[in-house]
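Just so it is clear: in the sequence shown, position 262 is 262 by the UniProt record's numbering, and no numbers are missing.
Data block below; observations after.
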Amino acid sequence: MALLSAENLQKASPYAFLALNFVRANWLYLLVGFYVVRAIRRRYFHPLSGFPGPFLGSITSWYSVYVFFSKNYNMHLTEVELHKKYGPVFRLKPDLLLCNDPKVLPKLFHKNADKAAFIDIEIAGFGDSVLTARSSALHVRLKKRIAGAYSMTNIRRMESDIDILVLELIKQLDTRFATTGKACDFALWAQYFAYDVVADVAFGKPLGFIEAGSDVGQLVENFHRSLPAAGVMVRAHWLADLLVKIPGFTYLMPKSGDTVGVGALMTFRDKLIKERIKEGNSGKKADLLYHFLNAKNADGTPMTFKEIGDECYLILVAGSDTTAATIRYLIRNLIKPGNEAMLEKLHAELSQANLTRPVPSYDELVKLPYLGAALYEAMRLNGLGMFIPRAISEPGLEVCGKFVPPGAGHAIAMTPWVVARSKEVYGEDAEVFNPERWLGSEEEKRNLLRYDFGWGYGNRTCLGKSIAMLEMTKVVACLLLGFDMRLMKEDEGVEYPNQLKNLSVWVEKGMWVELKRKEGIESMMFGQTEKVKA
Numbered sequence: 001m002a003l004l005s006a007e008n009l010q011k012a013s014p015y016a017f018l019a020l021n022f023v024r025a026n027w028l029y030l031l032v033g034f035y036v037v038r039a040i041r042r043r044y045f046h047p048l049s050g051f052p053g054p055f056l057g058s059i060t061s062w063y064s065v066y067v068f069f070s071k072n073y074n075m076h077l078t079e080v081e082l083h084k085k086y087g088p089v090f091r092l093k094p095d096l097l098l099c100n101d102p103k104v105l106p107k108l109f110h111k112n113a114d115k116a117a118f119i120d121i122e123i124a125g126f127g128d129s130v131l132t133a134r135s136s137a138l139h140v141r142l143k144k145r146i147a148g149a150y151s152m153t154n155i156r157r158m159e160s161d162i163d164i165l166v167l168e169l170i171k172q173l174d175t176r177f178a179t180t181g182k183a184c185d186f187a188l189w190a191q192y193f194a195y196d197v198v199a200d201v202a203f204g205k206p207l208g209f210i211e212a213g214s215d216v217g218q219l220v221e222n223f224h225r226s227l228p229a230a231g232v233m234v235r236a237h238w239l240a241d242l243l244v245k246i247p248g249f250t251y252l253m254p255k256s257g258d259t260v261g262v263g264a265l266m267t268f269r270d271k272l273i274k275e276r277i278k279e280g281n282s283g284k285k286a287d288l289l290y291h292f293l294n295a296k297n298a299d300g301t302p303m304t305f306k307e308i309g310d311e312c313y314l315i316l317v318a319g320s321d322t323t324a325a326t327i328r329y330l331i332r333n334l335i336k337p338g339n340e341a342m343l344e345k346l347h348a349e350l351s352q353a354n355l356t357r358p359v360p361s362y363d364e365l366v367k368l369p370y371l372g373a374a375l376y377e378a379m380r381l382n383g384l385g386m387f388i389p390r391a392i393s394e395p396g397l398e399v400c401g402k403f404v405p406p407g408a409g410h411a412i413a414m415t416p417w418v419v420a421r422s423k424e425v426y427g428e429d430a431e432v433f434n435p436e437r438w439l440g441s442e443e444e445k446r447n448l449l450r451y452d453f454g455w456g457y458g459n460r461t462c463l464g465k466s467i468a469m470l471e472m473t474k475v476v477a478c479l480l481l482g483f484d485m486r487l488m489k490e491d492e493g494v495e496y497p498n499q500l501k502n503l504s505v506w507v508e509k510g511m512w513v514e515l516k517r518k519e520g521i522e523s524m525m526f527g528q529t530e531k532v533k534a
């Protein structure tokens, strides 16, 4: 059917013709008017209008994108400044409040809480996994079929495999740095270790990062490169919704078969899954993939290839950077000038424990109170630096004396890194690394754990906690048993300066450390397994 000409349109519908001409002549004014009216509505007539916050944050989501990039990708510092200016709860986006009061955690992250609308998760490479499930009902269903794979009982079956990687790390650090005197960028090596452990636990074999001493296949670099774009989509989710509707855009989204970006990780993941399916799952060690292939839905059907891939991708990217960051943070705080007393206390505890060598067992190490306290303190202070939102369910929620009405279109979020610095819960020294705070009475420790947000909260607590606790406990103990470590200064001729960015996960390089073998323990760390004293 031919389109109506202007002349025919004028004859057929003079009012439509006039309207069309008006739009053509005034489209810019109409567009500006639309945005002005929307800004007024958001600022003064929105359910969240009663909350304080930056003016731009109340009218546009682009302000939160600005915060993401602020201070050279250190948005958590900007968030702290905004809380100081606007109070414990403020409006970051037209549809989002940020809160830093730990007492709100139980009310906001209850068992029936749904995740707020975030982004089209496929853009960031995620599918429908336990982590990304929006509804609490879906989360429970997805979690039920794979929870056994993450149990400490199952992870302990792979403890000897983690021991091998711990020893490989010690060997490489000794060969490359301790015996040569070269400076070690420990930030990168913590990353290599964490990724190798996660791959071994998930797929039954490491990626080979530790042995190669490099980012094999640039898998980590590819993932980190995708984070700024994902950060924009998370904060301007309308943009993600718009992009996926553009014809052909789906071909640009990350997918298995790609050789760069997030897609490269998906390609690697699918390769390992297909290899396992081809070899058969029978007789394999009980790694996570083994359990996923044997998992059943409530109706008895197995997980699909895509579902298995989604869960494997989750553990690859969510279970490595966070663990590496905590290992780095703990080691840095133990060896930095001014904390010598802490390091001496931990050395004494390890020395007097009569531990099995070359790698002490997890059962032995969890009995060491100061080691445990140091780990808890590192996990507290180095939690995620990105906000975690929840939708407001019926009948609404009172936050810091103000009522937030229910509704799927707006949410409240809390940031673990910020919440962990609450002086009300952790005292006046809340921002100071102080393991002693965890060595009080059992009641005092329970009070601290009641508002612990480092692993998530409620029934959405991180499934990979058992993996992370086991590998972090063992590797930190062995590093301190094997080496004297000194944090180097940038004026000592290091290759490049320290860089730490908060890209929703902590990305760091340039944590330069001098390593020296400890005298008299070579046979313990690099020799036979036996009970000896350091």
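All C-beta atoms in this analysis are idealised placements derived from N, C-alpha and C, irrespective of residue type, glycine included.
Assumed close pair residue i, residue j - CB separation to whole angstroms, cut-off 8 Å
i: T375; j: T473; result: As written in the sequence, residue 375 is Leu, which differs from the Thr given in the question. About 6 Å separates the two Cβ atoms, so the contact holds.
i: W455; j: E377; result: Incorrect: roughly 14 Å between the Cβ atoms, too far for contact.
i: G385; j: M158; result: So it is not a contact: roughly 30 Å between Cβ atoms.
i: L293; j: I308; result: 7 Å
i: A413; j: D95; result: Actually they do not touch by this definition, with Cβ atoms about 11 Å apart.
i: T267; j: T259; result: 7 Å
i: S64; j: R235; result: 4 Å
i: Y150; j: G464; result: 6 Å
Other residues of its chain near residue i: CB distance less than 8 Å, five sequence neighbours each side excluded
i: T78; result: V67, S70, K71
i: A430; result: A420, R421, S422, K423
i: F403; result: G396, L397
i: I155; result: V201, S466, I467, L470
i: I335; result: L343, M485, R486, L487, V513
i: P337; result: L487
i: T461; result: W455
Backbone secondary structure at residue i - three-state DSSP
i: D484; result: strand
i: I146; result: helix
i: A534; result: Note that A534 scores a pLDDT of 38, beneath 50, so its modelled location is shaky and nothing firm can be said.
i: T180; result: coil
i: D120; result: The predicted model places D120 with a pLDDT of 48, which falls under 50 and marks its position as unreliable; any figure quoted below should be read in that light. In this structure, D120 counts as coil in the three-state DSSP scheme.
i: Q218; result: helix
i: P302; result: strand
i: A430; result: coil
i: Q352; result: coil
i: L384; result: coil
i: M158; result: coil
i: M511; result: coil
i: W438; result: helix
i: K111; result: coil
i: N339; result: coil
i: F403; result: strand
i: A408; result: strand
i: P389; result: strand
i: W506; result: strand
i: R24; result: helix
i: K445; result: helix
i: L500; result: strand
i: R134; result: coil
Own chain partners of residue i with C-beta closer than 7 Å, once the 5 adjacent residues on each side are dropped
i: G53; result: Y86, F90, R91, L92
i: L18; result: none
i: T529; result: At T529 the pLDDT is 39, less than 50, meaning the model places this residue with poor confidence; the figure from the coordinates comes in the next sentence. The residues are T356, R357, P358.
i: L30; result: V23
i: A116; result: P389, R390, A391, A411
i: N502; result: Y73, N74, M75, H76, G385
i: P228; result: L503
i: L288; result: A149, V201, A202, I315
i: Y195; result: L207, F209, V220, S320
i: P406; result: I392, S393, E394, P395, G396
Cβ-based neighbour list, residue i, same chain, cut-off 6 Å, excluding 5 preceding and 5 following
i: Y313; result: R269
i: G148; result: none
i: D321; result: V505
i: A199; result: P206, L207
i: G263; result: P254, K255
i: V216; result: L207, G208, F209
Residue i Cβ short of 8 Å to the ligand MG heavy atom set
i: K474; result: Ligands in the displayed structure: none, and consequently the ligand MG is not present.
### Task
May I ask you to verify whether the region 172–181 touches the region 443–457, counting CB pairs closer than 8 Å and requiring at least 3?
no
#### Entry: Cβ contact (3+ pairs, closer than 8 Å) linking the region 91–110 and the region 403–422
yes
### Query
Where are the alpha helix (DSSP H) runs, 4 residues long or more, that stay fully inside the region 67–103, in chain order?
75–86
### Query
Quick one: any contact between the region 498–511 and the region 322–336, if contact means 3 or more CB pairs under 8 Å?
yes
### Task
Spell out a yes or no on whether the region 483–494 and the region 178–196 are touching, meaning 3 or more CB-CB pairs, one atom from each, closer than 8 Å.
yes
### Query
Which whole runs of the alpha helix (DSSP H) in the region 235–273 are 4 residues long or more, in chain order?
237–243
### Message
Threshold first: 4 residues or longer. Then list the alpha helix (DSSP H) segments lying entirely within the region 163–209, N to C.
### Response
186–203
### Query
Of all the beta strand (DSSP E) runs that stay within the bounds of the region 448–479, which reach a length of 3 or more residues?
none
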